[in-house]
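Just below is one structure, and these are the notes that go with it.
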Amino acid sequence: MLQLIPLPYYAQERSGVFAIDAHLKVNSDFELKLLNLERSQDGKLKIKKDSSLDDEEYKLEVTNNEINISASSEKGAYYALQTLRQLGRFELGGKEIPCCVINDKPRFSWRGLQLDESRHFFGKEYVKKMLDMMFMMKLNVFHWHLTDDTGWRIEIKKYPLLTEIGSKRAYTQINGWGSTDIINEPYEGYYTQEEIKEIIAYADERGIMVVPEIDFPAHCAAAIAAYPWLACRELNRDVPGYFGGAIPQRKLKQYDWNRPICPGKDQTIDFVKNVIDEVCDIFPAPYFHIGGDEAPKVEWKKCPCCQKRIEDNNLKDEEDLQGWFNNQVLETVSAKGKRLIGWNEILKAQSLDKSTVCQYWTPQKDSRARDWANNGNSVILSNHQSFYFDMPYAKYSLKNTYDYSYKSFGIKPESEKNILGVEAENWTEWTDCPEKLEVFMYPRTQALAEVAWSPEDKRSFDSFMARLENFKPYFEYLGMSYAVNSVAMPKKWLLKLKIKKEFSLGDTHLEVKLNKKYMDQGEK
């Protein structure tokens, strides 16, 4: 079998090899700025445009004498070159490419990976490194979570206090959801609009669409710290360092996690629309993610402005008020030529516009999200058990990601056309450094890529694990950490119990430490 991740739609290995030499030249119909080869009409690497193929589809044929690639777009041509990269293992010293025929195209059009930079900030160069791996894995959507309670990470010129105040916190919670422990040190960071444009351009060169998430109406404590009038009650609060959880709330009366803005005030609605206008002007992607999850309604129930908004618009209740708010956002987003995305809790509102894309994340089955897809509306699948990469492997192993099937959540096979695709989430409450991010993200990202790209009936976990062994040298070459099999597929149930307990209250880095121990002992 050809050693490729993700597995192609069709692949046949043939006898013989194409020998690679330092003088390989390319004859291409596409510009392909990232391909560092000399151009020549007699180049043995031939890349031709074939308009009959889909946008991301490609055909690749390797013979003893030449390599032929057909694609309708640069994106398809680059995917063929990424396949060729794995076949030839050039960076790892490979000198031969096995002869083969590959006809390849993706299962889903949305193949996404998310990064939360509100809780912990990783910076421009690290994001580019992450995009490089996405490119190799044929993932094409980078979902960028830039705002939350504990930090606002994007410059908004109309509201400078969002970064002057909202990007900084005085302390940070540690040791898991059940802990009240903190590191009493300042934490800050944000992106200028120019830095964001640089990252968008970098991603675009690699066929990756960057979708911003600006959380509304909840998860807004950082924004409220900057502009207290955004809340139902004007509370002068600092940006919180607690990420949430019942224990800090009960013990410390710490309720800033998940704080909502006031949808009853016209001034708040104007703020939201102005922020969205500015963000949409930076990001060319035809989508805008509003978040919309976990919005508490306690303040709204007591707020005269919110209650008046409900009465004036003949809304049923506070859930419907959120639906009204979302539709206000939708009008602004639509005027910019974009579609609105929100987490599946937004479906609780009866008044939600049908053009909205539901991102289905919850671990439990959600009949609203199921029905949304089965009734012809668009969904992105990010179910917690398979695609929340911040969770320990002891809770959700690598196999949980690889074996994902939307059918187990009640979505009918005939509704697959309504599934834009799948996406994994890297929430960073307990992920404070690149090493931990990578150990939890790799090789889960490789499994995600195969779920998103490859035909379901061709997937085999045993085959994937064998191909993964062949891929692992790339992690070392690219300077990336990854989970060895003893961590990614844990077998000792007592150790799994300990890891899960520590993750909730104790050492949230235990699997990273175990991973280093196993690698020091020689496991790869």
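To convert, take the position in the sequence shown, counting from 1, and add 781; that gives my numbering.
C-beta: ideal position from N, C-alpha, C; glycine also.
Is it buried or exposed, residue i, if we count other Cβ atoms within 10 angstroms and call 16 or more buried?
| i | result |
| --- | --- |
| Gly874 | exposed |
| Ala1175 | buried |
| Ser1244 | exposed |
| Val1079 | exposed |
| Met782 | exposed |
| Gln1227 | buried |
| Lys1272 | exposed |
| Lys1198 | exposed |
| Gln1103 | buried |
| Trp1010 | exposed |
| Ala803 | exposed |
| Arg892 | buried |
| Lys938 | exposed |
| Glu1015 | exposed |
| Lys1097 | exposed |
| Gln954 | buried |
So residue i and residue j are supposed to be a Cβ contact under 8 Å. How far apart are they, rounded?
| i | j | result |
| --- | --- | --- |
| Tyr972 | Glu945 | That belief does not hold up - the Cβ atoms of Tyr972 and Glu945 are roughly 14 Å apart, past 8 Å. |
| Lys1082 | Glu1059 | In fact, because the Cβ distance is near 31 Å, the residues do not count as touching under 8 Å. |
| Ile1005 | Arg1040 | 6 Å |
| Glu1112 | Gly1073 | With 8 Å as the limit, Glu1112 and Gly1073 do not qualify as a contact, their Cβ atoms being about 15 Å apart. |
| Phe889 | Ile1192 | Their Cβ separation, rounded to whole angstroms, is 13 Å, which puts Phe889 and Ile1192 out of contact at 8 Å. |
| Phe799 | Asn845 | 6 Å |
| Ser854 | Asp836 | 5 Å |
| Glu1292 | Pro1173 | 6 Å |
| Ile878 | Val843 | 5 Å |
| Ile848 | Leu826 | 5 Å |
| Phe1284 | Gly970 | With a Cβ gap of about 25 Å, Phe1284 and Gly970 do not count as contacting. |
Where does residue i fall in DSSP's three states?
| i | result |
| --- | --- |
| Val1138 | strand |
| Asp885 | strand |
| Val991 | strand |
| Ala1003 | helix |
| Ser899 | coil |
| Lys1279 | helix |
| Ala800 | strand |
| Val1114 | helix |
| Trp933 | strand |
| Ile980 | helix |
| Glu847 | coil |
| Leu783 | coil |
| Cys1086 | helix |
| Gln863 | helix |
| Phe1284 | helix |
| Phe1170 | coil |
| Leu942 | helix |
| Lys1176 | coil |
| Gly1104 | helix |
| Glu837 | coil |
| Leu826 | strand |
| Glu842 | strand |
| Ile1091 | helix |
| Arg1182 | Sequence check: residue 1182 is Thr here, not Arg. Looking at Thr1182 - three-state DSSP - the assignment turns out to be helix. |
| Leu894 | strand |
| Glu969 | strand |
| Ala951 | coil |
| Gln1302 | coil |
| Lys806 | strand |
| Tyr907 | helix |
| Trp1274 | helix |
What I want to know is whether the C-beta of residue i ends up closer than 7 Å to one or more non-hydrogen atoms of the ligand FAD.
| i | result |
| --- | --- |
| Ala1012 | In terms of ligand content, the structure shown is empty, and the ligand FAD therefore cannot be addressed. |
Does the segment 1238-1253 come close enough to the segment 797-816 that 3 or more CB-CB pairs lie under 8 Å? no
Okay, do the segment 1135-1147 and the segment 1234-1242 touch, 3+ Cβ pairs below 8 Å being the bar? no
Can you list, in chain order, the stretches of the alpha helix (DSSP H) that have 4 or more residues and sit fully within the segment 1119-1164? 1148-1155
I want to know whether the segment 860-873 touches the segment 1205-1212 - three or more CB-CB distances under 8 Å. no
With a cut-off of 8 Å, do at least 3 Cβ pairs link the segment 1113-1120 to the segment 1140-1158? no
Within the segment 1007-1076, note down every full beta strand (DSSP E) run reaching 3 residues or more, in order along the chain. 1068-1070
Cβ contact check for the segment 881-889 and the segment 792-806: 3 or more pairs under 8 Å: yes
Is there contact here, the segment 1253-1264 with the segment 1217-1224, by at least three beta-carbon pairs under 8 Å? yes
At least 3 beta-carbon pairs within less than 8 Å: the segment 854-861 vs the segment 985-1001: yes
Is there contact between the segment 945-955 and the segment 1007-1023, where contact requires at least three CB pairs shorter than 8 Å? yes
Considering only residues of the segment 1185-1272, which uninterrupted beta strand (DSSP E) runs meet the minimum length of 3 residues and lie entirely inside it, listed in chain order? 1200-1205
Any 3 or more C-beta pairs closer than 8 Å across the segment 888-897 and the segment 922-936: yes
Contact between the segment 1149-1166 and the segment 1180-1192 (3+ Cβ pairs under 8 Å): yes
For the segment 1083-1092 and the segment 1052-1066, state whether three or more C-beta atom pairs, one from each stretch, are separated by less than 8 Å. no
Report yes or no: do the segment 1059-1069 and the segment 974-981 share at least 3 C-beta pairs separated by less than 8 Å? yes
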